[in-house]
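K.L.:
Numbering (our numbering), first residue to last: 227 to 500. For each residue, glycine too, the CB sits at the ideal point set by N, CA and C. All figures in this text were calculated on a predicted structure; none of them were measured in a lab.
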Amino acid sequence: MQARSALFDLYGDHLRPRGGRAPVAALVKLLAPLGIAPPAVRTAVSRMVRQGWLEPVKLMSGPGYSITPKAARRLDEAASRIYRTGRVAWDGRFDLLVLDAPSARRDRQRLSANLRYLGYGTLDEQTWVATRPGEDVDLLLDEAGVRFERFSAAHAAGTPGAMGLVRRAWDLAEIGRAYEQFVAEQRALLTGITARSCDEDAYAARFRLVHAWRTFLFRDPQLPPALLPERWPGTAAASFFDRHAARLRPAADRYVEQCLDGGNRMIRPKERQT
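1. Determine the closest residue to S338 out of V372, F377 and V314, with distance taken between C-alpha atoms.
2. Any idea what DSSP makes of T417, helix, strand or coil?
3. Keeping to the same chain, check which residues put their C-beta closer than 8 angstroms to that of D425; ignore five residues upstream and five downstream.
4. Alpha carbon to alpha carbon, what distance is there between A330 and R473?
5. In the region 230-261, which residue ranges form an unbroken alpha helix (DSSP H) of at least 4 residues, counting only runs that do not cross its ends?
6. How long is the line joining the alpha carbons of P289 and V283, rounded to whole angstroms?
7. Does the separation of the CB atoms of R358 and D333 fall below 8 angstroms?
8. Can you grab the Cα-Cα spacing for the pair G360 / R422, in whole Å?
9. Three-state secondary structure (DSSP) at E400?
10. Around the C-beta of G387, are 16 or more other C-beta atoms found within 10 angstroms, so that it is buried, or is it exposed?
11. Going by beta carbon distance, what residues of the same chain come within less than 8 angstroms of D302, once the five residues before and after it are set aside?
12. What span of residues does the alpha helix (DSSP H) with D468 cover, start to end?
13. Go ahead and pull the three-state DSSP assignment for Q228.
14. Going by beta carbon distance, what residues of the same chain come within less than 8 angstroms of D328, once the five residues before and after it are set aside?
15. In whole angstroms, what is the alpha-carbon distance linking R246 and G384?
16. On the DSSP bridge list, what partners appear for E369?
17. In angstroms, rounded to a whole number, what distance separates the CA positions of V392 and S306?
18. Taking just the CA atoms, how far does F444 sit from R342?
19. Ordered along the chain, which non-local residues of its own chain (more than five positions away) have a Cβ less than 8 angstroms from that of L453?
20. Between which residues of its own chain and H240 is the CB-CB distance below 7 angstroms, once the five residues before and five after are set aside?
21. So the beta strand (DSSP E) W354 belongs to, where does it begin and stop?
22. Taking S378 as part of the alpha helix (DSSP H), name the residues at either end of that continuous run.
23. For G347 and W458, I'd like the C-alpha separation in whole angstroms.
24. Residue range of the alpha helix (DSSP H) that L271 falls in?
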């Protein structure tokens, strides 16, 4: 588990509901049960500050970091997809992007990852498709310096044609196998976490569960039911995730509160002067 990715999970799942900030010492303590060393945490924090995801703040217990408005938007959008709080609807139309791919391989890989995160699949190197308009996709492409055209289109062959297009853009069989593997691996890891487990162990197990589930944000575009195969493995996997995430939440929350221990309170102007 990389420190930067773990920090996104930590802020999104635990710190966003608590003001979106934490002292450095608490960040180190909260990532220690995941096997992430303090130097890796500090390096990742510095990188996220440079990228505009975090900003320094003065807290009662010392220096800390808070999410930026840009990060808050991304974390809120990710949370709605992780916990699937929004209903997946479809009006029968696709959002179609035709773009000039960057020449540098690293830039192409970064752009591809960002587009997949927004729910787009690729028909070829220049053509990307989604069943719903990606939030901030225009901004993403503009910031990447990519020239593009964007269309809204419906398949002339109706739902059968749309299903064929979906199977060109995404390997649904591979995604389905990944869901089945997720359940098998996490079931083995979660079996030993019971009501008698300590809060730290429950927190670490839940963190790993959410972290593994979060990878599907880059793999599964969450297609509308009409375009999915019958007995879609993602449905059972979502129920499995919801059940265990809820079961471990109280213990995980207690551990987070223990690590924060009021240290994420900000210093107000008057408090600085006294």
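P.N.:
With the structure as the only source:
1. Closest option to S338, Cα to Cα, is V372.
2. It is coil, neither helix nor strand.
3. Only residues of its own chain outside the window of five on either side were considered, and among them A477, A478, R480, Y481 and Q484 have a CB closer than 8 angstroms to the CB of D425, listed in chain order.
4. Distance from the CA atom of R473 to the CA atom of A330, rounded to whole angstroms, is 45 angstroms.
5. Entirely contained in the region 230-261, the alpha helix (DSSP H) runs reaching 4 residues are, in chain order, 250-257.
6. Each residue's alpha carbon lies about 6 angstroms from the other.
7. Not closer than 8 angstroms, so no.
8. Approximately 43 angstroms between the Cα atoms of the pair.
9. In the three-state DSSP reduction, E400 falls in the helix class (H, G or I).
10. Counting every other CB atom within 10 Å of its CB across the protein chains shown gives G387 a total below 16, marking it as exposed.
11. Closer than 8 angstroms at the Cβ level, and outside the excluded window around D302, lie R242.
12. P459 to L486 is the extent of the alpha helix (DSSP H) around D468.
13. Three-state DSSP puts Q228 in coil, outside helix and strand.
14. Note that residue 328 corresponds to Pro in the displayed sequence, not to Asp. Excluding sequence neighbours, P328 sits near R334, L337, A370, G371 and V372.
15. According to the sequence as given, residue 246 is Gly; it is not Arg. Roughly 44 angstroms separates the two Cα atoms.
16. Its beta-bridge partners do not exist; DSSP assigns none.
17. V392 and S306 have their alpha carbons spaced roughly 23 angstroms apart.
18. When only Cα atoms are considered, R342 and F444 end up about 5 angstroms apart.
19. In the same chain as L453, and ignoring 5 residues on each side of it, the C-beta atoms closer than 8 angstroms to its own belong to W316, T357, T385, A388, M389 and V392, in chain order.
20. Once the five neighbours on either side are set aside, the close Cβ partners of H240 are V482.
21. From DSSP, the beta strand (DSSP E) with W354 extends over T353 to A356.
22. Per DSSP, S378 lies in no alpha helix (DSSP H) segment; the continuous beta strand (DSSP E) that holds it begins and ends at F374 to A379.
23. When the Cα atoms are used, G347 and W458 turn out to be separated by approximately 18 angstroms.
24. Note that residue 271 is Val in the sequence shown, not Leu. V271 -> alpha helix (DSSP H) spans P264 to R276.
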